[in-house]
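Everything on this sheet refers to the single structure shown next.
Laid out in structure tokens, this is it:
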């Protein structure tokens, strides 16, 4: 079977399906009709069908979706049926927040270590996770099978670090710095640009006011 | 002139244009051809033209873009030519990180106060910003012209708080809780769902590996 590339719009929706299915499981729901699921998610049933058809489709005519089954299948598609080792660079408030976020562990993302350049922080533990010196980062990655590096450092440091990470074998950068990182294609970058997020909020507020007038 | 609704895809790109133009200004660049700008941004010149045409277009044939002018115009479109008052609920690591992020202030987002339900935190200052009791939030919003509330609290607390915020006059919620908030249409919600972000990263890593094989 030839694989069509999946659009980023679909990939954006998959984790949301996964979240809702997880909530249904927690509520003890075993199956759900495509109509109910569509109402719950606030998207059309045909949108859901189309999205899932990209991966072979999972619904059955007259039955709907088996919640647990669909949850597991989407988990596999998202690659969270296995453990991903992560390190966090920057032991400031953001780094601490990530280190304290127990939800990640449940979803297969294991934060193995924090890194900082401040000698005062190195050697301490945050939420049971040790802070290492930034000088050790390349060796640590190679020796500990690290797949993802979260960068919670200022822009200039992030650009500099991204270059150091090339060739270490990491597969992804989770970038919280307010810049676009230039790295070879074998490293995937996922950006969390909070400044851009709040500007979108501002735009939508201002535009909403205009429409009300 | 009839206003077409602007797609969220364009709204997603505007803050990025704004960021690059800000960097050009910092470098002393006064004008840029549409080709150079497109190379810098990694999008086609026609994409940029189309996006900006939604707002009347700003380039001139044979001249390109006036950097400072375009920066200011996009700032106006994004509604960041005026100050937005924000409060942050949750004085944990995420709340502290937002309170310490000086970039927001520069862009017209002023964090006026933090709120927490922990009496140990109330009355203290974080980065010069006072922590108030969550019980005072509605009065505080009304008396201080608060437009945006950032929610950095667990899911159940966020759902509960969103209901309390209805009718206070706020215009937007910046939601960091891992849930979709149901609020009336006059309140805009911008979600920052970190769990979904890291699942997208995981998907792209796993899918990238498959393509390499």
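Chains as they are written, first to last, in our numbering: chain Z, 8 to 220; chain V, 8 to 220.
All C-beta atoms, glycine included, are put in the ideal place defined by N, C-alpha and C.
Any C-beta of chain Z under 7 Å from that of residue i
i: residue 199 of chain V; result: yes
i: residue 156 of chain V; result: no
i: residue 190 of chain V; result: no
i: residue 148 of chain V; result: no
i: residue 215 of chain V; result: yes
i: residue 144 of chain V; result: no
Close beta carbons around residue i, own chain, < 7 Å, minus the five adjacent residues each side
i: residue 101 of chain V; result: 159 and 183
i: residue 191 of chain Z; result: 173
i: residue 42 of chain Z; result: 52
i: residue 176 of chain V; result: 148 and 149
i: residue 47 of chain Z; result: 27
i: residue 20 of chain Z; result: 58
i: residue 34 of chain V; result: none
Buried or exposed by the 16-neighbour rule on C-beta atoms within 10 Å, applied to residue i
i: residue 178 of chain Z; result: buried
i: residue 173 of chain V; result: exposed
i: residue 126 of chain Z; result: exposed
i: residue 16 of chain Z; result: exposed
i: residue 70 of chain V; result: exposed
i: residue 206 of chain V; result: buried
i: residue 82 of chain Z; result: buried
i: residue 110 of chain V; result: exposed
i: residue 12 of chain V; result: exposed
i: residue 146 of chain V; result: exposed
i: residue 216 of chain V; result: exposed
i: residue 197 of chain Z; result: buried
i: residue 211 of chain V; result: buried
i: residue 169 of chain Z; result: buried
i: residue 114 of chain V; result: buried
i: residue 58 of chain Z; result: buried
i: residue 49 of chain V; result: exposed
i: residue 209 of chain Z; result: buried
i: residue 97 of chain V; result: buried
i: residue 163 of chain Z; result: exposed
i: residue 143 of chain V; result: exposed
i: residue 154 of chain V; result: buried
i: residue 132 of chain V; result: exposed
i: residue 203 of chain Z; result: buried
Chain-order list of residues whose beta-carbon lies under 6 Å from that of residue i (same chain, five-residue window excluded)
i: residue 141 of chain V; result: 122 and 124
i: residue 36 of chain Z; result: 74
i: residue 117 of chain Z; result: 90 and 92
i: residue 40 of chain Z; result: 71
Residue-chain proximity (residue i, chain V), Cβ-Cβ < 7 Å
i: residue 131 of chain Z; result: no
i: residue 22 of chain Z; result: yes
i: residue 203 of chain Z; result: yes
i: residue 244 of chain Z; result: This structure leaves residue 244 of chain Z out entirely; chain Z is present only between 8 and 220.
i: residue 209 of chain Z; result: yes
i: residue 177 of chain Z; result: no
i: residue 17 of chain Z; result: no
i: residue 7 of chain Z; result: What the structure shows of chain Z is the stretch from 8 to 220, and residue 7 of chain Z is not part of that stretch, so it cannot be assessed.
Chain-order list of residues whose beta-carbon lies under 8 Å from that of residue i (same chain, five-residue window excluded)
i: residue 130 of chain V; result: 137 and 138
i: residue 76 of chain V; result: 65
i: residue 195 of chain V; result: 178, 179 and 180
i: residue 9 of chain V; result: Any answer about residue 9 of chain V is weak, because its pLDDT of 48 lies below 50 and its placement is not dependable; what the coordinates show is given next. Closer than 8 Å at the Cβ level, and outside the excluded window around residue 9 of chain V, lies no residue.
i: residue 88 of chain Z; result: 79, 82 and 115
i: residue 38 of chain V; result: 70, 71, 72, 73 and 74
i: residue 22 of chain Z; result: 85
Practice item. List in chain order: all unbroken beta strand (DSSP E) runs of 3+ residues lying wholly within the segment 31-119 of chain Z. Key: 91-96
Review point. According to a CB-to-CB cut-off of less than 9 Å, which residues of the segment 93-117 of chain V neighbour chain Z?
Key: Cβ contacts with chain Z: 93, 99, 100, 101, 102, 103, 104, 105, 106, 107, 108, 110, 111, 114, 115 and 116.
Exercise for review: Go through the segment 153-218 of chain Z residue by residue and report every complete run of the alpha helix (DSSP H) that reaches 4 residues or more, in order.
Suggested key: 162-172
Check your understanding: Along the segment 76-87 of chain V, what residues have a CB closer than 8 Å to any CB found in chain Z?
Key -> 84, 85, 86 and 87
Review point. Taking any Cβ of chain V, which residues in the segment 21-52 of chain Z have a Cβ under 8 Å from it, in chain order?
Key: Considering only beta carbons, the part of the segment 21-52 of chain Z lying closer than 8 Å to chain V consists of 21, 22, 23, 25, 26 and 49, in chain order.
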